[in-house]
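Student: In my numbering, the protein residues as written are 445 to 1025.
One structure is given below, represented as structure tokens, and several questions about it will come after.
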Ligand code: ARG
């Protein structure tokens, strides 16, 4: 749909010679106080173009567009043009559009023909998939869904951390203290316990570190026994990760992780290796020798030097990231290459984005790092080394379990309780994750997550289920509205609450675009919380199932549109929208 914001930009464009429609679109504001209109256009910037005082420009513009039928009135206050939309026309148009488009409401084809890679989750194999990993996993999944909804051709990559010296330690520890049955039964917990023991023991006996290094060297040489174990750890780890991905409904198009880019790892077919990158950097004159190691100096750009190849000849995490980016450009010819990775790695990304640029790749600016803050638990943060870890799978399972208890307490036993508590429990965790600005740190608190009243997932899902129940109770009247058979007359719905709700619904498409531009799913989360709150106000303040059929249908149409918009929003967050709760 062409949004109201866009429509207004189109109306304004012919009157503002010096500005393109898109520039006007960016300048349009939504006043915090609806007394100042539904949209406002500030004219300060235009003073230069028109060589007039902004206030006079605003006045002229207000007069020029006032007669357009989308507006109820247009006023000029100081340097602003304040526009009030025609309630009736808007209600009619928005509601019928949402009902007609259904699941596609808010969808666009703006991204047609453009490839967008979203890299997310990317855990380290043989290490726990802990609560800290939820962030990249869930934020990334939502960003992928948003871009997909906007018509981009998306590719989801899980850049597994499946390579590095730690596998020397892991194999060493497994051989000393491990056994096969335990690994098969509980792969990551077992591997983790060996790995933790390794660190404890290595403090007493430093020779263990040498042993681990020697094992890693064998792995790099492709010795079958070591490779076999590494592969097995990788497979078992993936099986366990997939249990979490299944619960969250997440899949990937590629699991090409770090080992894929290392010319040392024999087990995977490789097309672009880290050593090619080292050669290329050398040819381009970017590599400098430093105590036997190879580095790229970046002090000109206020960044510390990047270590590309160690003195023992091994490449690093950053080398593989550069190789991966070049590989992705060659393989997918991306329009954007997005990395959803913790803000602790800001420097890492600044460094290698710079290196890509210095290598002369003009697509360097198509690589985007989307950072996020840390999640911690009420009793402190997480540490893999010390083995104090909260597994994401356990968190999800207990969210489902706790939800089930609440549901049984509330509604008594129900045949669908298992299915619904899965949707609500997992939805609650995901929703909380996507509620705040991603860059903020936050503390994971059960009380907050599972609260049915606050600005939470259960609250929004409950609102959706409530709307569904209103429609169910309305029977044939609702069916006629949903199917589009009834000629709904929205002039019956004129209250301020209803109008605020309709406005919020009408802004959903631009909210999705804003979320994409900012790589910020929380823009959608907050928007559907607003919709839920206004819907509930509407539900409490107004009698919906009135006797008058025309009025009833108009109100049901609004219920239907609100429900649909909430469902579409939840969908973009990767959360189910239950029909009953
Ligand atoms: N495996 C890394 C970690 O757990 C994250 C990888 C992020 N992606 C990347 N392309 N560097 O810290």
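A virtual CB, placed ideally from N, CA and C, is assigned to each residue, including glycine.
A quick note: this is a predicted structure, and the numbers were derived from the prediction, not measured.
Quick check on DSSP: helix, strand or coil for residue 600?
Tutor: Position 156 of the chain shown holds residue 600. Strand, per DSSP.
Student: Please state the DSSP three-state secondary structure of residue 816.
Tutor: Here residue 816 is taken as the residue at index 372 of the chain shown, counted from 1. Note: residue 816 maps to coil in three-state DSSP.
Student: At a cut-off of 7 angstroms, would you count residue 971 as near the ligand ARG, judging by its Cβ distance to the nearest heavy atom?
Tutor: Within the chain shown, the letter at position 527 stands for residue 971. Not one heavy atom of the ligand ARG lies closer than 7 angstroms to the C-beta of residue 971.
Student: Quick one: is residue 581 buried, meaning 16 or more other Cβ sit within 10 Å of its Cβ, or exposed?
Tutor: On the chain shown, residue 581 is found 137 positions in, with the first residue counted as 1. So residue 581 counts as buried.
Student: Taking 7 angstroms as the cut-off, is the CB of residue 765 close to at least one heavy atom of the ligand ARG?
Tutor: The residue given as residue 765 occupies position 321 in the chain shown. Yes - the ligand ARG has a heavy atom lying nearer than 7 angstroms to the Cβ of residue 765.
Student: For residue 827, count neighbouring Cβ atoms within 10 angstroms of its own Cβ and tell me buried if that reaches 16, exposed if not.
Tutor: In the chain shown, the residue the question calls residue 827 occupies position 383. Because the pLDDT at residue 827 is just 48, under 50, the model does not fix this residue reliably, and the value given afterwards should be weighed accordingly. So residue 827 ends up on the exposed side.
Student: To test your reading of the DSSP string, which unbroken beta strand (DSSP E) runs of 3 or more residues are found completely within the region 493 to 541?
Tutor: The qualifying runs are 515 to 521 and 524 to 529.
Student: Closer than 7 angstroms: is that where the CB of residue 608 sits relative to any heavy atom of the ligand GDP?
Tutor: What this structure holds is the ligand ARG, not the ligand GDP.
Student: Look at the Cβ atom of residue 416, then the Cβ atom of residue 740, and state whether they are nearer than 8 angstroms.
Tutor: With the chain running from 445 to 1025 in the structure shown, residue 416 is simply not present.
Student: Could you work out which residue in 613, 964 and 680 is closest to residue 651 when comparing CA atoms only?
Tutor: Translated into positions along the chain shown, residue 651 becomes position 207. For residue 651, the nearest C-alpha among the options comes from 613.
Student: Buried or exposed for residue 788, please, with buried defined as at least 16 other CB atoms from any protein chain shown within 10 angstroms of its CB.
Tutor: Numbered from its first residue, the chain shown carries residue 788 at position 344. Exposed is the call here.
Student: Please report how far the alpha carbon of residue 954 lies from the alpha carbon of residue 456, in whole angstroms.
Tutor: Residue 954 sits at position 510 when you count from the first residue of the chain shown. Residue 456 sits at position 12 when you count from the first residue of the chain shown. Counting only the Cα atoms, residue 456 lies some 18 angstroms from residue 954.
Student: Just how far apart, CA to CA, sit residue 646 and residue 638?
Tutor: Position 202 of the chain shown holds residue 646. Position 194 of the chain shown holds residue 638. Distance from the CA of residue 646 to the CA of residue 638, rounded to the nearest whole angstrom, comes to 12 angstroms.
Student: Should the region 1007 to 1021 be regarded as contacting the region 943 to 953, the criterion being three or more beta carbon pairs within less than 8 angstroms?
Tutor: Taking 8 angstroms as the limit for Cβ pairs, the verdict is that the region 943 to 953 does touch the region 1007 to 1021.
Student: Closer than 7 angstroms: is that where the CB of residue 605 sits relative to any heavy atom of the ligand ARG?
Tutor: As a working mapping, residue 605 is identified with position 161 in the chain shown. It does: the Cβ of residue 605 is within 7 angstroms (strictly closer) of some heavy atom of the ligand ARG.
Student: Return yes when the Cβ of residue 573 is within less than 8 angstroms of the Cβ of residue 685, no when it is not.
Tutor: Position 241 of the chain shown holds residue 685. Position 129 of the chain shown holds residue 573. Yes, the Cβ-Cβ distance between residue 685 and residue 573 is below 8 angstroms.
Student: Apply the 10 Å Cβ neighbour rule to residue 889 and answer buried if 16 or more other Cβ atoms are within range, or exposed otherwise.
Tutor: Indexing the chain shown from 1 puts residue 889 at position 445. The residue in question, residue 889, is exposed, as its Cβ has fewer than 16 Cβ neighbours within 10 Å.
Student: Examine the ligand ARG and report whether any of its heavy atoms sits within less than 7 angstroms of the Cβ of residue 567.
Tutor: Counting from 1 along the chain shown, the entry for residue 567 is found at position 123. Checking every heavy atom of the ligand ARG against the Cβ of residue 567, one is found closer than 7 angstroms.
Student: Do three or more CB pairs link the region 600 to 607 to the region 528 to 547 at distances below 8 angstroms?
Tutor: no
Student: In angstroms, rounded to a whole number, what distance separates the CA positions of residue 586 and residue 632?
Tutor: Along the chain shown, one-based indexing puts residue 586 at 142. Along the chain shown, one-based indexing puts residue 632 at 188. Between residue 586 and residue 632, the C-alpha separation is close to 27 angstroms.
Student: Can you grab the Cα-Cα spacing for the pair residue 623 / residue 630, in whole Å?
Tutor: Taking the first residue of the chain shown as 1, we reach residue 623 at position 179. Taking the first residue of the chain shown as 1, we reach residue 630 at position 186. Going from the Cα of residue 623 to the Cα of residue 630 covers about 11 angstroms.
Student: So, for residue 472: in the same chain, excluding its five sequence neighbours on each side, which residues have a beta-carbon less than 7 angstroms away from its beta-carbon?
Tutor: Numbered from 1 along the chain shown, position 28 holds the residue referred to as residue 472. Here the set comprises 449, 452, 453, 483 and 485.
Student: Where do the ends of the alpha helix (DSSP H) carrying residue 573 lie?
Tutor: Looking up residue 573 in the chain shown gives position 129. Unbroken run through residue 573: none, as it is neither H nor E.
Student: Expressed to the nearest angstrom, what Euclidean distance is found between the alpha-carbon atoms of residue 872 and residue 744?
Tutor: In the chain shown, residue 872 corresponds to position 428, counting from 1. In the chain shown, residue 744 corresponds to position 300, counting from 1. If I take the Cα positions, the gap works out to 46 angstroms.
Student: In the structure shown, what three-state DSSP assignment does residue 982 receive?
Tutor: Within the chain shown, the letter at position 538 stands for residue 982. Note: residue 982 maps to helix in three-state DSSP.
Student: So, under 8 angstroms CB-CB, residue 764 and residue 705 are touching, yes? Tell me the CB distance rounded to an integer number of Å.
Tutor: Taking the first residue of the chain shown as 1, we reach residue 764 at position 320. Taking the first residue of the chain shown as 1, we reach residue 705 at position 261. The pair is a contact, with the Cβ atoms about 4 angstroms apart (cut-off 8 angstroms).
Student: What residue range is occupied by the uninterrupted alpha helix (DSSP H) comprising residue 668?
Tutor: Position 224 of the chain shown, counted from the first residue, corresponds to residue 668. It spans 668 to 692 - the alpha helix (DSSP H) in which residue 668 sits, taken as one unbroken run.
Student: Please report how far the alpha carbon of residue 972 lies from the alpha carbon of residue 616, in whole angstroms.
Tutor: Counting from one through the chain shown, the residue named residue 972 turns up at place 528. Counting from one through the chain shown, the residue named residue 616 turns up at place 172. Taking the straight line from one Cα to the other gives about 51 angstroms.
Student: What are the residues that DSSP puts in a beta bridge with residue 811?
Tutor: Residue numbering aside, residue 811 sits at position 367 when the chain shown is read from its first letter. DSSP, once it has assigned bridges, lists 781 as partnering residue 811.
Student: CB of residue 808 to nearest heavy atom of the ligand ARG: below 7 angstroms?
Tutor: Stepping through the chain shown from its first residue, residue 808 is reached at position 364. No, the Cβ of residue 808 stays beyond 7 angstroms of every heavy atom of the ligand ARG.
Student: Do the region 555 to 574 and the region 969 to 985 meet, that is, are 3 or more Cβ pairs less than 8 angstroms apart?
Tutor: no
Student: Expressed to the nearest angstrom, what Euclidean distance is found between the alpha-carbon atoms of residue 590 and residue 480?
Tutor: Locating residue 590 in the chain shown gives position 146, where the first residue counts as 1. Locating residue 480 in the chain shown gives position 36, where the first residue counts as 1. Rounded to the nearest angstrom, the two C-alpha atoms are 31 angstroms apart.
Student: Locate the beta strand (DSSP E) running through residue 561, then write down its first and last residues.
Tutor: Taking the chain shown and counting its residues from 1, one reaches residue 561 at position 117. Element bounds for residue 561: 559 to 563.
Student: Determine the burial state of residue 876: buried for a count of at least 16 other Cβ atoms within 10 Å of its Cβ, exposed for fewer.
Tutor: Here the question's residue 876 lines up with position 432 in the chain shown. Counting Cβ neighbours within 10 Å, residue 876 comes out buried, since at least 16 surround it.
Student: Below 8 angstroms, how does it come out for the region 893 to 906 and the region 841 to 856: are there three or more Cβ pairs, yes or no?
Tutor: yes
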